[in-house]
Amino acid sequence: MRYAETGFNLEVDLTRGNIECVATDPKLVPLHLGGLGTNARHFWDRVPPETEPYAPENHLVFGTGLLCGTPAPGSNRTIVSAISPQTRLFGYAMMGGFFGPELKHAGYDKIVLRGRSPEWVYLHIHDGKVELRDAKHFVGLGTLESAELIRQELRDPKAQVSSIGLAGENRVFFASIEQGRSSASRLGLGGVMGDKRLKAIAVRGTGDIQIAHPPEYMAICKEVLEFIEKRNRNPIPGVMPILAGLGSPQEMAIHDEKWHTENFAWGNARHRRKGFWTEEIQKSWTGTMERMRTRLLSCHNCPMKCGAAISVDTRLCSYMMKCFSKLTYTMAAMSDLDFGLRIAQKATEHGVDAFSAPQTMAFALELYEAGILKPTDFPGMPLDNEGAFYWLLDRIVRREGIGDVLADGTYWAAKRIGNGAEAYAHNNIKKTEQLPLKLGMLNPIYFLMYCTGEKANITQIEGNFPQAPFATREEREAFIRDWPQVPDERFKQWFVEWELRGEKSIPSYPTIDATCEIVNWQEKMHYIDDATGLCAGLSSFPLKPPYHLHNLPALISAGAGLELDEAGLDRVTRRNRNLVRCLNIQRGLRRADERPPDDHWKNRFPELEQKLLDEYYKFKGWNQDGVPTRETLLELGLDYVYEDFVRRGILEGG
Amino acid sequence: MSKKPRKKLVKRIKIDVDKCNGCRACEVICSSFHAVPRYSSANPARSRIRVIRDPLADIYVPVYAGEYAAAQCAGRNEYTIDGKRYEECSFCRASCPSRPLFKEADSGLPLKCDMCESDPTLEQPKCVEWCLAQALVYEEREEEVVGEEEAAPDEVELGLEALAAKHGWQTLLDTVTRLTKRG
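First to last, the sequence lines map onto chains A and B. 1 is the number of the first residue of the first sequence in this note's numbering; add one for each residue after it. 1001 is the number of the first residue of the second sequence in this note's numbering; add one for each residue after it.
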């Protein structure tokens, strides 16, 4: 009997139309758990580093987290992986929603897709029945639109559908995979799905997911649920509203956008607009949200309501959104919320990432203003920003004219455009557009996270430690009084002593040693979540979450029938983290790539920054080029990685 | 039998469809609670509560499994409430041939909500406990009823009724007679 996992993967060769149900090796679970861990192992074993992103040899894997579909609140994440067209590294993007649990109930932990279908198809899974069906009649349709038509065609309103829109079909480098109220949108995995000519996957499952030790498992689930209820009633004082509660930042619920609109940068991540948030704007945007937000929504088995149904000129629901996508289009186009929510509907149907798409469009307009791109590049584009954004979005997802260049994202587009365009692609890490955030003083914790995050996305590495010190010692002492989530007592001390100004403030405090520990803790939490499929919103992302280092080992053990203690979980997590890094090392990632955008902070400290990287690499057991050392690899049982690195000349043998 | 008014405990789950956030935790915990052994598995397909969802139509209706219906309705109505169109099935509790809801996934036998009756008694049904959105709220109240107390059917009686519903009373009687004679 396999617990928590199903023990089977679905392997689909799209070139030949062959479908196989493959029993997986039970020994992989104690080594990697599931989700990102076993996805990474799959890529190591099966996808050589020479593989081109848009080649039949690339694999696209939908991997459920180990605990996905169990009664643990928030256990619903699917980790989608492929070699990314944007970074050309191992890419992974995650989605909540309902797809992962449904896939587990159908009897599979992962769907592995390889090859390229000769014609457009979609994959239909209903328990043991799996088929590739003609999708020619859905080509060109939107993500939600085609999902709905597929459900009708299958006469199965309960099927969960992951689909791509025009952007994925046309292999846009930042195309997303949309799934009801969630999406796997970073790093262009929708483009890989399009390259495989797979329009959608519809899944329906009616099988059981087994729990190894039910009473123990449910006792923790119950505690977690009670903690959430209590935590929802008691938001953390002293931090901005979106960081006070659990879940993904509660962008759908709150109206006060002073912090985002005045601290994040508008346009092509350029302009800070101090004093933007007036009473008049507040009234107008609140009105927009109340008019267009029909309902707050949750993912599978989660009490948080991070998402919302948004209605554009209807009383029902046009699409679903969450988090900061609320403002990315608004701010990139220097417009208002009504515009942002309207264009986001089109963008969701086309299936594009809500960080990269608006930024790429703002980048295009900047190049136009700077004279680097010419009016002839934009034939018929409306002159107003909003009209221009709709026009550009349409060209990008169809790869028409200048849209074909922009569809590769700012990094690659700038290279193709040349003529000084590179300086305008200024907000990237590892070739990927970042949050439009430009700040004053270097923060050592964030410096390391930005540099070393393997997903090139700050929200996938930050979380449990406050983003900034609280103003007074009293507030800080109050905060640590009730903070059992920390790995050990030192973290409390570091926070208590962290001042806004003076000796113990950024960039020199937290000290380099403390910074390494803090970054490591936050990253570790994300790697656990990405393997278990528990949502970061209840675990690695918010302050004081219900899941933490001290209850997760028991939960995972009781659910999957493992014997994991804190040290054991740490070891599994380090193994997964290093394996993900090694996939990228194989593909050329080195220290030189690990840098935040030059203008991310105004005040930079090159010497300190290099020291931070030096020490963090040492802390992680990596050499000064960011490559895991022989000792690290052998200690984690990654001998096969070590041998490969020696063969490739990445590490020295002996 | 006495005709005096007497107290009867009425259990009720109040459903507020406007508060439902569509998470299906009720389905997960119901199936898990009713698993044998308890909590040993999760599977919404076995749940005695299902959320009728149509996200793009903004429809979220938690519905509890009620009586078994041997045949589907001859005609079904459609309701428009506050601009939303609901099929009659959206509110129907029956385990019936027209849809896959409220049937044991393996055997196809009908399921019915039992308000999580168990020993010791729970404070409230599990689905309510797990619904932090408070779309499901449990209510117990005592009502005064006049009339004869309904005798609770015992297990044998329930079993016989089920057999009769399947095979007809005559077959059942014949079989009982035959078996009795044999004994």
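Just so you know, even glycine gets a beta-carbon here, dropped at the ideal spot from N, CA and C.
query, result
"Any C-beta of chain B under 8 Å from that of A/T143", "no"
"Straight-line gap, A/R587 to A/R88 (C-alpha atoms, nearest Å)", "8 Å"
"For A/P606: DSSP bridge partner residues", "Bridge partners of A/P606: none, in fact."
"B/C1127 (DSSP reduced to helix, strand or coil)", "helix"
"CB contact below 8 Å: A/A309 versus chain B", "yes"
"Cβ of B/W987 within 8 Å of any chain A Cβ", "The structure shown does not extend to residue 987 of chain B, since chain B is modelled only from 1001 through 1183, so no value can be given for it."
"Contacts around B/I1052, its chain only, beta-carbon distance under 7 Å, and the 5 residues preceding and following it disregarded", "I1059, V1061, V1063, S1090"
"Simplified DSSP assignment, three categories, for A/C21", "strand"
"Chain-ordered neighbours of A/T658 on chain B, where CB pairs are closer than 8 Å", "Missing from the structure shown is residue 658 of chain A; chain A here goes from 1 to 654 and no further."
"8 Å Cβ cutoff met for A/H32 and A/R46", "no"
"Same chain only: Cβ atoms within 6 Å of A/G97, ignoring 5 sequence neighbours per side", "Q179, G180, R181, S182, C299"
"CB contact check: B/N1021 to chain A, cutoff 8 Å", "yes"
"Segments of 3+ residues assigned as beta strand (DSSP E) that fall wholly inside the region 1081-1169 of chain B", "1084-1087, 1136-1145"
"From B/S1107, B/S1047, B/L1056, residue whose alpha carbon lies closest to that of B/M1115", "B/S1047"
"CB contact below 8 Å: A/G207 versus chain B", "yes"
"Coil, strand or helix - A/H105 by DSSP", "helix"
"Beta-carbon proximity check, A/H373 vs A/I402, cutoff 8 Å", "The sequence shown places Leu at residue 373 of chain A, not His. Yes. Within cutoff."
"Span separating the alpha-carbon of A/A135 from that of A/Y54", "20 Å"
"Residues near B/P1097 in its chain [Cβ-Cβ closer than 6 Å; skip 5 each side]", "Q1072"
"Stretch-stretch touch, CB-based, cutoff 8 Å, three pairs: the region 277-290 of chain A with the region 1008-1017 of chain B", "no"
"Unbroken beta strand (DSSP E) run spanning A/D13, endpoints", "8-13"
"Alpha-carbon to alpha-carbon, A/N9 and A/R591", "35 Å"
"Proximity test, Cβ basis, 8 Å: B/Y1039 and chain A", "yes"
"Anticipated Cβ contact below 8 Å, A/M289 with A/S311, distance rounded", "Wrong, their Cβ atoms sit about 11 Å apart, outside the cutoff."
"Distance CB(A/K611)-CB(A/T573) smaller than 8 Å", "no"
"Within-8 Å CB hit, A/R295 to chain B", "yes"
"As assigned by DSSP and simplified to three states, the class of A/K611", "helix"
"Residues, ordered as in the chain, of the region 1128-1147 of chain B that lie near chain A by beta-carbon distance below 7 Å", "W1130, L1132, A1133"
"Cβ of A/G649 within 8 Å of any chain B Cβ", "no"
"Beta-carbon separation (whole angstroms), B/G1066 vs B/K1112, contact threshold 8 Å", "7 Å"
"Touching by the beta-carbon criterion (3+ pairs, under 8 Å), the region 322-335 of chain A and the region 55-66 of chain A", "no"
"Cα-Cα separation, B/R1050 to A/I79", "27 Å"
"CB contact below 8 Å: B/Y1047 versus chain A", "The amino acid occupying residue 1047 of chain B in the given sequence is Ser; Tyr does not appear at that position. Not an interface residue."
"DSSP-derived helix/strand/coil call for A/T472", "coil"
"Spatial neighbours of A/F264 in its chain, beta-carbon cut-off 6 Å, leaving aside the 5 residues before and after", "P436, L437"
"Within 8 Å of chain B by C-beta, residues of the region 68-88 of chain A in sequence order", "G69, T70, P71, P73"
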